[in-house]
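Residue numbers (the numbering used here), protein chains in the order written: chain A, 1 to 409; chain B, 1001 to 1189. The block underneath contains the structure these notes are about, expressed in structure tokens.
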């Protein structure tokens, strides 16, 4: 509260006018606030409408996923990873499975590799579509939301075709994927990619790219210098919007991405508008990659056949006693990986999702740690927001694209 | 569709920040051993991932040299995490996953700390991103980082007792927030 004793009594006197006490106001934003995208809480110090200090407070969605992983055998961790970034479940499965496969030294079949790349890119599109809809809604454009969710729904139906579940699909498994592609799936993907390429992405751009209000709200907003971006460990579209072509699919390729032809989407200005442009470009590139994976899809197994590290084929269980024993042992005891530790860096729609895995030779991991991109990208929010009005803060939060399930894990 | 040309509000990108155009020569175990030979360290290669184990006192010095020397240039600290190796002594591993954007390298720097009250120097002066990572490691594993600007809990509530990621902290036993715990109940015991 303002101390009334310090208030000048005669404001007409110019010598006392300077002494007018001004103070900043502390405002609590969130955790239940529509533009904080979940349960993010920000403690803002405001000078009028200008943000002087911004302190993010997280942890409202902390579910102890990393701790729970230590209680499960390796293959049972996969469903937990779905729940981190719940808008891109397959990309989380991907990072975890790659880490386990690296630890085991397991080669995965070509077909599984292609299915994974295709599904990862469709997931990236779905994740970007949710971002696009909600971000545009934050900035006052309601319509984009309906368009974006219309297309996202189609990706979710594809998940349903694959795994029976719309969101928590757990489709990627250690050594490959859980099932082969169902009948009619290729056609579904092809029509989706055709639609996206032909007009859907252009539709979104018609609504936003040269929209006067959108440009006013996003150009020059949420700026962070490339040096700061690297110092704060920013990855993903915000880093690429700053002009640094760092994309793990190119710079340290994993899971067969070196076979695909695509470009890194780049921005120049490191503001909210450029992050929007980068993500739109990324969706176009994802369509390209998914199409290459679809057209080049080889025949073969969808999961590696390993005597210890992958379960036997279902049809073998009816004829082979050994397969039945192996199946039982696999799902009850698990398998014993070699001792060691690995870190695998993958690129999700939000940035670098790293999976650190430490094994002590028992069927349960000693430690599973995820480098959630949202967590670290959120850390640079104060750098983007300070010195600008609250309305720009809302734009900046949207442009980072956080998912609180991944921030808090 | 008309594309509004953006007016650039940033300086031209410095060459030094851009990633390499061709795959870089991999880091070598011998090279690291030679470069940091004055420190007592071990370098291992597991599936192409280099791990450098260094004593806790050398952390700031080694990290500073890794970041500033032009041949390594590890300008991004991707991840900091800790592992509890109970009952091993030293009990805790703190892992720093570094990445070099200009050179395209990755390296894990590992420090082993004795339990149950591990203390280590903070690297926030080198990488800004270490701030939240160290808070998380402190919160969940109980590693204290000295000279950290703001060492508070980040995931758990501020009044939480214990560090949930330690191996001697049981799962499935927790006090429900908003209800008074039964007398004598202590989380983590």
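All residues carry an ideal CB built from backbone N, CA and C; glycine is no exception.
DSSP places residue 1121 (chain B) in no alpha helix (DSSP H) but in the uninterrupted beta strand (DSSP E) bounded by 1119 to 1121. Spatial neighbours of residue 1054 (chain B) in its own chain (CB-CB distance under 7 Å, excluding positions within 5 residues in sequence) are listed in chain order as 1039, 1041, 1062, 1109, 1111. For residue 125 (chain A), the three-state secondary structure derived from DSSP is helix. Contacts with chain A at 9 Å (Cβ-Cβ) include residue 1084 (chain B).
Residue range 50 to 57 is occupied by the beta strand (DSSP E) that includes residue 54 (chain A), with no alpha helix (DSSP H) assigned at that position. Residue 180 (chain A) has its alpha-carbon roughly 48 Å from the corresponding atom of residue 1126 (chain B). Per DSSP, reduced to three states, the secondary structure at residue 1169 (chain B) is coil, with no helix or strand assignment. DSSP places residue 204 (chain A) in the helix class (H, G or I) of the three-state scheme. Interface with chain B (9 Å Cβ-Cβ cutoff): residue 52 (chain A) is excluded. Residue environment: residue 222 (chain A) is assigned as buried (16 or more neighbouring CB atoms within 10 Å of its CB, all protein chains considered). Sequence-distant Cβ neighbours of residue 256 (chain A) in its own chain, meaning closer than 7 Å and more than five residues away, are 113, 117. Of the candidates A:266, A:406, A:317, A:391, the residue whose Cα lies closest to the Cα of residue 49 (chain A) is A:391. Listed in chain order, the positions of the segment 277 to 297 of chain A with a beta carbon within less than 9 Å of a beta carbon of chain B are 277. Assignment of residue 34 (chain A) by DSSP, reduced to helix, strand and coil, places it in the helix class. Counting only residues of its own chain and dropping the five nearest sequence neighbours on each side, residue 84 (chain A) has a CB closer than 7 Å to the CB of 65, 92, 370, 372, 405, 406, 409. Judged by DSSP in its simplified three-state form, residue 339 (chain A) adopts coil rather than helix or strand.
The C-beta distance from residue 1113 (chain B) to residue 1056 (chain B) rounds to 6 Å, short enough to fall under 8 Å. The alpha carbon of residue 1087 (chain B) has as its nearest neighbour, out of B:1186, B:1168, B:1104, B:1105, the alpha carbon of B:1168. Cβ atoms of residue 376 (chain A) and residue 37 (chain A) stay farther apart than 8 Å, at about 16 Å.
Residue contact check for residue 139 (chain A) against chain B: no CB pair falls below 9 Å. Within chain A, not a single residue places a beta-carbon under 9 Å from that of residue 1124 (chain B); the smallest gap is close to 11 Å. According to DSSP, residue pairing for residue 344 (chain A) in a beta bridge involves A:355. Annotation: residue 1141 (chain B) to residue 144 (chain A) spans about 43 Å, alpha carbon to alpha carbon.
Annotated three-state conformation of residue 1068 (chain B) is helix, per DSSP.
Classified as exposed, residue 1147 (chain B) has fewer than 16 neighbouring CB atoms from the shown chains inside 10 Å of its CB. A residue is called buried once 16 or more other Cβ atoms fall within 10 Å of its Cβ, and residue 1131 (chain B) is buried on that count. For residue 1096 (chain B), the enclosing beta strand (DSSP E) begins and ends at 1092 to 1100. Contact of residue 1077 (chain B) with chain A is assigned, a C-beta pair being separated by under 9 Å.
For residue 318 (chain A), no CB of chain B lies under 9 Å from its own CB, so it is not counted at the interface with that chain. In its chain, beyond the 5 residues on either side, 280, 283, 284 have a beta carbon closer than 7 Å to the beta carbon of residue 201 (chain A). In terms of beta-carbon proximity, residue 196 (chain A) stays away from the interface with chain B, with every pair separated by 9 Å or more. Secondary structure note for residue 211 (chain A): it is in no alpha helix (DSSP H), with a DSSP letter that is neither H nor E.
In the structure shown, the three-state DSSP call for residue 1154 (chain B) is coil. The continuous beta strand (DSSP E) containing residue 1105 (chain B) extends over residues 1105 to 1113. Residue contact check for residue 70 (chain A) against chain B: a CB pair falls below 9 Å.
The Cβ neighbour count for residue 28 (chain A), taken over all protein chains shown within 10 Å, is under 16; the residue is labelled exposed.
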